[in-house]
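2 protein chains.
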Amino acid sequence: MTSDREERLRISEIFGPTVQGEGRHIGEPTVFVRTGGCDYRCRWCDTLFAVLPEHRGEWAPMDPEEVLAEVDRLAGEPILVSLSGGNPALQPLGGLIAAGHERGHSFTLETQGSVAAAWFAALDSLTLSPKGPSSGHITRLAELEACLDAAGEGPETTFKVVVFDEADYGYARELAANYPGHPFYLQVGNPEPVGEPDPADLMARYRWLVERVTNDRWYAATVLPQLHVLAWGNQRGV
Amino acid sequence: MTSDREERLRISEIFGPTVQGEGRHIGEPTVFVRTGGCDYRCRWCDTLFAVLPEHRGEWAPMDPEEVLAEVDRLAGEPILVSLSGGNPALQPLGGLIAAGHERGHSFTLETQGSVAAAWFAALDSLTLSPKGPSSGHITRLAELEACLDAAGEGPETTFKVVVFDEADYGYARELAANYPGHPFYLQVGNPEPVGEPDPADLMARYRWLVERVTNDRWYAATVLPQLHVLAWGNQRGV
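Right under this line is the structure:
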């Protein structure tokens with residue numbers, strides 16, 4: 002039998018230190034650990050290289066110690082590790098989190114909330130980012146609630162919804178009404194996830210979303226752009 | 002004798018709801034209450050209309066109830082009120098905060114930390130934003146510490162330093178080393194506070210600052226741009 006500290010993880014990329022560009026930790030220095038594989042196929046996915054099976058050959062099998070050795074090499078000292086994907090909840094990350102905590106790192110994870118894992122409770126911060134209508138997916142609330150239950154009182158759990166249009170906005174409103182106890186982030190969608198993004202268009206979308214939120218007096222929402230897209234475009238590794 | 006609830010405040014402008022563009026509350030819906038008058042004259046000041054005595058005629062004397070009536074008219078329900086300036090610490094804001102709390106509002110205030118007020122302790126959030134060398138001012142640490150003492154355990158107190166160059170960055174590093182117990186925000190300076198800002202230049206400055214911070218392994222700092230400048234330029238009232 003292998004313990005969870007020896008289990009192999011499918012890693013698409015490890016990079017940083019850079020800053021987190023989204024949500025609760027926007028602007029905070031972090032190293033990203035991106036896993037490969039996803040149960041979703043969002044229409045506007047900006048990380049297809051970590052989603053589609055044809056990229057599987059690019060995903061390195063690594064054990065937790067190997068991942069942490071790379072995080073340590075990049076960061077040099079304890080840092081916030083952002084676990085992302087793909088859907089990182091598909092990987093057995095409990096051993097990585099436990100060993101990383103021993104080295105002083107903290108862990109935040111983002112997932113769509115379609116798959117719950119017991120080790121969510123060991124995270125420092127969890128972002129549930131269910132996908133609105135524009136993604137092409139329908140949210141299964143039972144799974145989302147299983148994620149909340151798995152996390153329990155362990156991490157600080159926040160919601161984040163990407164908003165492209167009115168339908169996504171309505172979806173976010175309804176979701177927030179269902180789960181009022183958690184900080185709620187709205188993020189402007191990027192319609193050009195490959196090639197060059199258009200900062201002027203992204204800022205126009207941001208202004209629209211701010212106006213939508215303030216017109217509805219939805220003052221518990223936090224409205225943010227993807228800061229890394231504004232700063233670095235769609236470049237990988239930043 | 003007038004009580005602090007009747008004391009007149011010098012108000013430059015009240016606007017919103019919009020989102021906070023800076024620091025700890027970035028992206029959060031808020032109404033701004035900007036006071037008139039300042040003990041500083043920062044070289045790169047972006048709100049001279051709330052600083053220079055020649056604008057004094059534009060600053061309305063208002064009592065706390067009048068200010069709150071306008072906040073309520075704009076926001077319609079309880080919201081985060083951002084007290085800004087000028088230097089809002091020069092005004093007797095204790096009565097406004099007490100009466101606003103009764104109506105369900107919360108209050109965040111930003112000041113350079115040159116003048117302490119006993120009512121700091123009643124704030125929900127306090128941003129001390131001492132000015133680096135590029136401002137032309139020298140920080141008096143005794144006054145800054147008086148601000149920390151006045152706030153005590155009342156508000157969540159964070160530091161924010163605007164960074165234009167290497168000298169500002171060094172100043173921020175030293176300040177953070179002196180006050181390690183508080184969240185520390187670095188904000189990219191805007192060299193064009195009047196007229197049209199240059200988003201590409203601002204983002205180049207942001208990338209430089211991120212690189213500076215990560216090269217120094219300063220992982221406790223949060224690095225942010227002025228989001229409202231990216232979204233709305235130097236326009237007032239947003």
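So the protein sequences, as listed, match chains S and Z.
The opening residue of the first sequence carries number 2 in the numbering used here; numbering runs sequentially from there.
The opening residue of the second sequence carries number 2 in the numbering used here; numbering runs sequentially from there.
Note that CB positions come from ideal geometry on N, CA and C, so glycine has one too.
Only a predicted model underlies this, so the values are computations on that prediction, with no experimental measurement involved.
Please name the residue in 130/Z, 184/Z, 146/Z and 177/Z whose C-alpha comes closest to that of residue 162/Z. Counting from one through the second sequence, the residue named residue 162/Z turns up at place 161. Here the closest residue by C-alpha is 130/Z.
Burial state of residue 168/Z, where buried means 16 or more other Cβ atoms lie within 10 Å: Translated into positions along the second sequence, residue 168/Z becomes position 167. Answer is exposed; the Cβ neighbour count stays below 16.
Could you check where the alpha helix (DSSP H) with residue 95/S kicks off and where it finishes? As a working note, residue 95/S is residue 94 in the first sequence. Start and end: 95 to 103.
Going by DSSP, what residue range makes up the alpha helix (DSSP H) through residue 171/Z? Numbered from its first residue, the second sequence carries residue 171/Z at position 170. Per DSSP, the continuous alpha helix (DSSP H) segment holding residue 171/Z begins and ends at 167 to 179.
Excluding sequence positions up to five away, which residues of its chain have a Cβ less than 6 Å from the Cβ of residue 224/S? Counted from its first residue, the first sequence places residue 224/S at position 223. So the list reads 187, 210, 211 and 214, once near-sequence residues are dropped.
Residue(s) in a DSSP beta bridge with residue 15/S: Taking the first sequence and counting its residues from 1, the one referred to as residue 15/S is at position 14. DSSP output for residue 15/S lists 34/S as bridge partner(s).
Apart from the five residues just before and just after residue 134/Z, which ones in its own chain have a Cβ nearer than 7 Å to its Cβ? Working through the second sequence from its first residue, we reach residue 134/Z at position 133. 168, 169 and 172, listed in sequence order.
Answer yes or no: does any C-beta atom of chain Z fall closer than 8 Å to that of residue 162/S? Walking along the first sequence from the start, residue 162/S turns up at place 161. No, residue 162/S lies away from the interface with chain Z (no Cβ there is under 8 Å from its Cβ).
Opposing strand residues paired with residue 63/S [DSSP bridges]: Here residue 63/S refers to the residue found at position 62 of the first sequence. Residue 63/S pairs with 10/S.
Within its chain, find whatever has a CB closer than 6 Å to the CB of residue 19/S; leave out the 5 residues flanking it on each side and keep chain order. Taking the first sequence and counting its residues from 1, one reaches residue 19/S at position 18. Within the same chain, 239 come within 6 Å of residue 19/S by CB-CB distance, once the 5 residues on both sides are set aside.
Please confirm if residue 208/Z has its CB atom under 8 Å from at least one CB of chain S. Locating residue 208/Z in the second sequence gives position 207, where the first residue counts as 1. Output row for residue 208/Z: interface = yes.
Consider the Cβ of residue 190/Z: report whether some Cβ of chain S lies at a distance smaller than 8 Å. Numbered from 1 along the second sequence, position 189 holds the residue referred to as residue 190/Z. It does not; no Cβ of chain S falls within 8 Å.
What is the C-beta distance between residue 113/Z and residue 41/Z, in whole angstroms, given that I count them as a contact (C-beta under 8 Å)? Residue numbering aside, residue 113/Z sits at position 112 when the second sequence is read from its first letter. Residue numbering aside, residue 41/Z sits at position 40 when the second sequence is read from its first letter. Your pair residue 113/Z and residue 41/Z checks out as a contact, with CB atoms roughly 6 Å apart and the cut at 8 Å.
Does chain Z have any CB closer than 8 Å to the CB of residue 72/S? On the first sequence, position 71 is the one that residue 72/S refers to. No, no contact with chain Z.
Determine the DSSP secondary structure at residue 145/Z, reduced to helix, strand or coil. As a working note, residue 145/Z is residue 144 in the second sequence. Helix.
What residues in its chain sit with their C-beta under 6 Å from that of residue 105/S, if we drop five residues either side in the sequence? Here residue 105/S refers to the residue found at position 104 of the first sequence. Leaving aside the five residues that flank residue 105/S on each side, the residues in its chain whose CB is nearer than 6 Å to its CB run, in chain order, 79.
Any contact between the segment 32 to 49 of chain Z and the segment 118 to 125 of chain Z? By contact I mean 3 or more CB pairs, one from each, below 8 Å. no
In this structure, does DSSP put residue 109/S in helix, strand or coil? Working through the first sequence from its first residue, we reach residue 109/S at position 108. Looking at residue 109/S - three-state DSSP - the assignment turns out to be strand.
Does the beta carbon of residue 211/Z come closer than 8 Å to any beta carbon on chain S? Residue numbering aside, residue 211/Z sits at position 210 when the second sequence is read from its first letter. At least one chain S Cβ lies under 8 Å of residue 211/Z.
Take the Cβ of residue 195/Z as the centre, count every other Cβ of all protein chains shown within 10 Å, and call the residue buried at 16 or more, exposed below. Locating residue 195/Z in the second sequence gives position 194, counting from the first residue. Exposed, by the Cβ-count rule.
Unbroken alpha helix (DSSP H) runs of length 4 or more, entirely within the segment 186 to 220 of chain Z: which are they? 200 to 216
In the DSSP assignment, the beta strand (DSSP E) including residue 82/Z goes from what residue to what residue? Reading the second sequence from its first residue, position 81 is the one you call residue 82/Z. Looking at the DSSP string, the run of the beta strand (DSSP E) that includes residue 82/Z is 81 to 85.
Should residue 62/Z go down as buried or exposed, given a rule of 16 or more other Cβ atoms within 10 Å for buried? Counting from one through the second sequence, the residue named residue 62/Z turns up at place 61. Its Cβ having fewer than 16 others within 10 Å, residue 62/Z is exposed.
Take the Cβ of residue 175/S as the centre, count every other Cβ of all protein chains shown within 10 Å, and call the residue buried at 16 or more, exposed below. Along the first sequence, read from residue 1 onward, the residue named residue 175/S stands at position 174. Exposed is the call here.
Have a look at the DSSP bridge pairing and note the partners of residue 222/Z. In the second sequence, counting from the first residue as 1, residue 222/Z sits at position 221. Per DSSP, 185/Z.
With the cut-off set at 8 Å, would you say residue 117/S and residue 76/S are in Cβ contact? Taking the first sequence and counting its residues from 1, the one referred to as residue 117/S is at position 116. Taking the first sequence and counting its residues from 1, the one referred to as residue 76/S is at position 75. No. Outside cutoff.
Does chain Z have any CB closer than 8 Å to the CB of residue 19/S? Counting from 1 along the first sequence, the entry for residue 19/S is found at position 18. Chain Z, which has a Cβ nearer than 8 Å to the Cβ of residue 19/S, makes this yes.
Among the residues of its own chain, which have a CB less than 8 Å from the CB of residue 100/S, if the five just before and after it don't count? Taking the first sequence and counting its residues from 1, the one referred to as residue 100/S is at position 99. So the list reads 6, 65, 66 and 69, once near-sequence residues are dropped.
Taking 8 Å as the CB-CB cut-off, is residue 80/Z touching chain S? Reading the second sequence from its first residue, position 79 is the one you call residue 80/Z. Yes, residue 80/Z counts as interfacial toward chain S.
Applying the criterion that 16 or more other CB atoms from any shown protein chain within 10 Å of the CB defines a buried residue, is residue 216/Z buried or exposed? Position 215 of the second sequence, counting from 1, holds the residue named residue 216/Z. Looking at its Cβ environment, which holds fewer than 16 other Cβ atoms inside 10 Å, residue 216/Z is exposed.
Indicate whether at least one CB of chain S lies closer than 8 Å to the CB of residue 222/Z. Taking the second sequence and counting its residues from 1, one reaches residue 222/Z at position 221. Chain S contact via Cβ: present.
Proximal chain Z residues relative to residue 178/S, where beta-carbon distance stays under 8 Å: For the purposes of this step, residue 178/S is taken as residue 177 along the first sequence, with counting starting at 1. Those do not exist, as residue 178/S stays about 16 Å from chain Z at its closest Cβ, beyond 8 Å.
For residue 53/S, three-class secondary structure by DSSP: Locating residue 53/S in the first sequence gives position 52, counting from the first residue. If DSSP states are grouped into helix, strand and coil, residue 53/S belongs with coil.
Excluding the 5 residues flanking residue 37/S on each side, which residues of the same chain have their C-beta closer than 6 Å to its C-beta? Against the first sequence, residue 37/S aligns to sequence position 36. Same-chain partners within the cutoff: 11, 13, 51, 60 and 87.
Between which residues of its own chain and residue 137/S is the CB-CB distance below 8 Å, once the five residues before and five after are set aside? Walking along the first sequence from the start, residue 137/S turns up at place 136. Around residue 137/S: 42, 43 and 44.
Considering only residues of the same chain and omitting the five flanking positions on each side of residue 56/Z, which have a CB-CB separation below 6 Å? Position 55 of the second sequence, counted from the start, is the residue given in the question as residue 56/Z. Counting only Cβ-Cβ distances below 6 Å, and skipping sequence neighbours, we find 50.
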